[in-house]
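Worksheet: one structure, shown below.
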Amino acid sequence: MQHMALDELNFYRKLLQMDPLTSMDAFKPSADHAIVEPSACLGPITRSAAFETMPPEILDRIVQFVDGKSIQSLCHAIPYCKYISTAMFDFAHRFPKERYTPSKLWPDMYFPKFKNTESKKTDFPIQHMHAAGVYSRIISKHGGNVLVPCSKDVFNYLGALPEVLSVFPGDINTSSAWAAFLRQLADSNKRIRSCTVRISLLWGGELPVVVQEALPRISGLEYLQVDRPRDAREQNSFSRCVNLEELSFARLMYLENPVGLVDRILRRIKGSRIRKVWHADHIQSLHQRALGKLNFYRKLLQLHPLTSMDAFRTSRIQPTSCIGSINRSASFETMPPEILNRIVQYVDSKSILPLCHSLPYYKYISRAMFDFARPFPNERYTPSELWPDMQLPIFQNEESETTEFPIKHLQAAKVYSRIISKHCGNVHVPCSKNALNYLDALPDAVFVCPGDDSSPSGWTKFLHGLADANKQIISCTVIVSSDYYNWCEVAHQLKRLQVPALIWNDEDYFPTGIEEALPFISGLKYLEVYSPREMPNGTSLSRCLDLEEISFSQLLYEDTEDLVEGILEEIKGSRIRKVSCKIPATTKHYGPATFLKALKTISSDFLKHGWHKELQSDGRKSNAGGSQSSADADRVVMAYLRERGYKNAEAALNADTKGAVSSGSQIHSQNIEASIPDFLLFYSETEANNPNAYQHSYARLCRWVKDSLEKYRVRFLLS
Numbered sequence: 001m002q003h004m005a006l007d008e009l010n011f012y013r014k015l016l017q018m019d020p021l022t023s024m025d026a027f028k029p030s031a032d033h034a035i036v037e038p039s040a041c042l043g044p045i046t047r048s049a050a051f052e053t054m055p056p057e058i059l060d061r062i063v064q065f066v067d068g069k070s071i072q073s074l075c076h077a078i079p080y081c082k083y084i085s086t087a088m089f090d091f092a093h094r095f096p097k098e099r100y101t102p103s104k105l106w107p108d109m110y111f112p113k114f115k116n117t118e119s120k121k122t123d124f125p126i127q128h129m130h131a132a133g134v135y136s137r138i139i140s141k142h143g144g145n146v147l148v149p150c151s152k153d154v155f156n157y158l159g160a161l162p163e164v165l166s167v168f169p170g171d172i173n174t175s176s177a178w179a180a181f182l183r184q185l186a187d188s189n190k191r192i193r194s195c196t197v198r199i200s201l202l203w204g205g206e207l208p209v210v211v212q213e214a215l216p217r218i219s220g221l222e223y224l225q226v227d228r229p230r231d232a233r234e235q236n237s238f239s240r241c242v243n244l245e246e247l248s249f250a251r252l253m254y255l256e257n258p259v260g261l262v263d264r265i266l267r268r269i270k271g272s273r274i275r276k277v278w279h280a281d282h283i284q285s286l287h288q289r290a291l292g293k294l295n296f297y298r299k300l301l302q303l304h305p306l307t308s309m310d311a312f313r314t315s316r317i318q319p320t321s322c323i324g325s326i327n328r329s330a331s332f333e334t335m336p337p338e339i340l341n342r343i344v345q346y347v348d349s350k351s352i353l354p355l356c357h358s359l360p361y362y363k364y365i366s367r368a369m370f371d372f373a374r375p376f377p378n379e380r381y382t383p384s385e386l387w388p389d390m391q392l393p394i395f396q397n398e399e400s401e402t403t404e405f406p407i408k409h410l411q412a413a414k415v416y417s418r419i420i421s422k423h424c425g426n427v428h429v430p431c432s433k434n435a436l437n438y439l440d441a442l443p444d445a446v447f448v449c450p451g452d453d454s455s456p457s458g459w460t461k462f463l464h465g466l467a468d469a470n471k472q473i474i475s476c477t478v479i480v481s482s483d484y485y486n487w488c489e490v491a492h493q494l495k496r497l498q499v500p501a502l503i504w505n506d507e508d509y510f511p512t513g514i515e516e517a518l519p520f521i522s523g524l525k526y527l528e529v530y531s532p533r534e535m536p537n538g539t540s541l542s543r544c545l546d547l548e549e550i551s552f553s554q555l556l557y558e559d560t561e562d563l564v565e566g567i568l569e570e571i572k573g574s575r576i577r578k579v580s581c582k583i584p585a586t587t588k589h590y591g592p593a594t595f596l597k598a599l600k601t602i603s604s605d606f607l608k609h610g611w612h613k614e615l616q617s618d619g620r621k622s623n624a625g626g627s628q629s630s631a632d633a634d635r636v637v638m639a640y641l642r643e644r645g646y647k648n649a650e651a652a653l654n655a656d657t658k659g660a661v662s663s664g665s666q667i668h669s670q671n672i673e674a675s676i677p678d679f680l681l682f683y684s685e686t687e688a689n690n691p692n693a694y695q696h697s698y699a700r701l702c703r704w705v706k707d708s709l710e711k712y713r714v715r716f717l718l719s
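For the sequence shown, UniProt numbering assigns the number 1 to the initial residue and increments by one for each residue that follows.
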């Protein structure tokens, strides 16, 4: 006990930047100072340092040992701890029906079981996630646990919660609900510290056979508690559990026939690694109190907590040494701002809020995100709409007019849009009259997307506002109805703007006014139309000085007879060197055989005319050189089909029937979906005069497909 007291005293002396004591004699006053002379005059009375003047390290240690009854009083007494009560109130006041008490929020945080039924995963308010993320990080910082119920409403919070959670029964206790809940936790890469399931309500008080068989495959299972000994029937399951050391029974003392009980328990755990068997209500509470007291002192000494009762077996030979200097390795927070700014550019929308809550440096991102999304409660923003790209709301308040627009909205949009541009994101502006209010607060280059007004008058007014504000359009996507409008005014506004990419999504026609204005659109390099039927004529394309690529949304489902010849005839004389088309993810509407036949025919026709083929996906490319051989075209298409996960690809190439191949027979399609190509692109630049150019290109294609599949742990051999 003396060594323990000395270690604790030296810990606080180190925080106060004082020299540590090395001997227990420090507690023994000398004889000269032990006798107080009555004639000695007392000097001035000095007051010791107040509670508020303690270092933050000591205050953080103190608050860890405060219970739920005293936490609010402590936060109101010490200004340093005010952030705890603020975050606690911000989280709890959003659930008025829960009737939260401090004991449910500190030191552990309990999520409510019943929430508003209007809260769906797709339209969940971002301020709820922000409040839950901030307070859950505070709980984890001070050593508390975040307990979540088995409820579908918890799915909305998973992106903002810590990695380690505790699970308890919620509003639905069916096996299907538990399966869906645990599956979502696994998909979110969450770790479960403890999981409590009411099996008495599900399977009549007995541990299901499938659960017993799965015990050896549960990673890190060290503690198992069941209701009665008869619930643990499978002996082989315990013997195959590598980490299981403790077995507890909740109702061991309430059995009517305890004769032979111990023998039955020992017979079932024979051959396993279980070394502790106890009754949960008595022995466990006694041991946990002793172990908790020991971990209290170890935490003060910055030592790892003990999780086993073997901690009480100390060695008498090894003396207790006084801790000297505590060395802490460089943490994530100590990195330079340049590195932190580069890291956040590669964070997706699911991880941006946990990152901002974990590192104080990134707090300005979540704060600006919250300030921008809060004025639009009807929009129901989600993080995917705010990071890494920022999308302005389409439907805003009807009261928001240009002349009387709130300045705070503009300021919030300006701050957050600058943050998005700083971290290489894009700002998407919909075609809406209310979006014109934000133009002065947005960056110079924006993406234009469809909004609430798809008429020519709406597009004219919107593009006119962009041109007057001297904005540059990175990409402009236009979706119109089937009515034949006059688009001459829209074409006039496009001439005033710099538009590198124009996407016209109309399956009926390409307006004549837009077609005549193409040569006068500044910097137009990319044009996308629905199909070759809506393709502009060759005269307009030949006059476009910067146009290099034309793309089709639906090329593989067109009549392939003379299709390639017609496309090449239209682009003849122009500077277009790339023709691309989007590859559909499924073929259930048109039939797999039709899709594969069109893919083979188009690829073969382009290769015959000396063009090259390229599969594009996520910045990676795989080339296949030109060839006049139909067999070579088959090999290129074969490699693509295998990459997409189609079986019986050889039979599909020559199939004339609709059921030759099934598009549903894919190999882990969800895992491969991120690596498959999104575009099929043909380009006219020929490679060097190398007779083996095609063989090298095909080898690169095979290697790329293999690497993509192995990335997701899928073994697949190309013949």
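Note that the Cβ used here is the ideal one computed from N, Cα and C, for glycine as well. Quantities reported herein were computed from a predicted structural model and do not represent experimental measurements.
Length of the line joining the Cα atoms of residue i and residue j
| i | j | result |
| --- | --- | --- |
| Gln498 | Leu527 | 14 Å |
| residue 731 | Ser432 | No information on residue 731 is available, as it lies outside the stretch 1 to 719 that the chain covers here. |
| Leu224 | Leu244 | 8 Å |
| Lys69 | Lys471 | 57 Å |
| Val446 | Gly458 | 18 Å |
| Ile343 | Ser349 | 14 Å |
| Pro20 | Pro383 | 49 Å |
| Ile514 | Ser553 | 18 Å |
| Pro112 | Lys461 | 48 Å |
| Ser85 | Lys293 | 27 Å |
| Glu507 | Ala501 | 19 Å |
| His423 | Gln345 | 5 Å |
| residue 735 | Val478 | Coverage of the chain is limited to positions 1 through 719, which leaves residue 735 absent and any answer about it impossible. |
| Lys120 | Tyr509 | Its pLDDT being 45, under 50, Lys120 is placed unreliably in this model, and the coordinates cannot settle the point. |
Outcome for residue i when other beta-carbon atoms lying within 10 angstroms are tallied against a minimum of 16
| i | result |
| --- | --- |
| Gly170 | buried |
| Gln411 | exposed |
| Ser73 | exposed |
| Pro55 | exposed |
| Ile539 | Sequence inspection shows Thr at residue 539; the Ile mentioned does not correspond to that position. The residue in question, Thr539, is exposed, as its Cβ has fewer than 16 Cβ neighbours within 10 Å. |
| Phe65 | exposed |
| Ile139 | buried |
| Glu333 | exposed |
| Glu398 | Summary for Glu398: the model assigns pLDDT 46, below 50, so the residue's position carries little reliability; its value from the coordinates is reported in the next sentence. So Glu398 counts as exposed. |
| Tyr364 | exposed |
| Ala271 | Checking the sequence, you will find Gly at residue 271 rather than Ala. Exposed, since its Cβ has fewer than 16 Cβ neighbours within 10 Å. |
| Ala77 | exposed |
| Leu653 | Legend: pLDDT at Leu653 = 46, less than 50; position of this residue unreliable, no value from coordinates given. |
Distance between beta carbons of residue j and residue i, contact taken as under 8 Å
| i | j | result |
| --- | --- | --- |
| Asp605 | Val564 | 4 Å |
| Pro354 | Gly143 | At roughly 19 Å, the Cβ-Cβ gap does not stay under 8 Å, so Pro354 and Gly143 are not in contact. |
| His428 | Pro375 | No, His428 and Pro375 are not in contact; Cβ-Cβ is about 18 Å, not under 8 Å. |
| Met4 | Tyr297 | 6 Å |
| Glu213 | Arg191 | Not confirmed; about 23 Å, so no contact. |
| Leu165 | Val146 | 5 Å |
| Lys525 | Glu548 | 5 Å |
| Val167 | Cys195 | 4 Å |
| Ser358 | Arg137 | 6 Å |
Closest by C-alpha distance to residue i, when choosing among the options
| i | options | result |
| --- | --- | --- |
| Leu436 | His423, Asn426, Asp468 | Asp468 |
| Asp108 | His304, Asp67, Tyr83 | Asp67 |
| Ala491 | Asn189, Leu463, Cys150 | Leu463 |
| Asn505 | Asp562, Val480, Lys525 | Val480 |
| Leu439 | Asp452, Leu221, Ile407 | Ile407 |
| Gln302 | Ile576, Glu57, Ala598, Thr22 | Glu57 |
| Trp106 | Glu222, Phe91, Asn341, Cys488 | Phe91 |
| Leu161 | Thr174, Pro443, Gly220, Tyr110 | Tyr110 |
| Arg273 | Arg267, Ala290, Val242, Ser85 | Val242 |
| Arg268 | Asn295, Ala250, Arg240 | Arg240 |
| Arg193 | Leu221, Lys495, Tyr381, Pro125 | Leu221 |
| Ala131 | Ala87, Gln288, Cys195 | Ala87 |
| Ala180 | Ser248, Leu15, Cys150 | Cys150 |
Any C-beta of chain D under 8 Å from that of residue i
| i | result |
| --- | --- |
| Ile343 | Chain labels in this structure do not include chain D; a single protein chain is all it has. |
Whole runs of the alpha helix (DSSP H) within the segment 498 to 582, excluding any shorter than 4 residues: 512 to 517, 538 to 542, 563 to 570
Which residue spans inside the segment 343 to 411 form an unbroken alpha helix (DSSP H) run of at least 4? 352 to 358, 363 to 373
Which runs of the alpha helix (DSSP H) at least 4 residues long sit entirely within the segment 424 to 473? Give them in chain order. 456 to 468
Please go through the segment 140 to 186 and give each complete beta strand (DSSP E) segment of 3 or more residues, from N-terminal end onward. 146 to 149, 164 to 168
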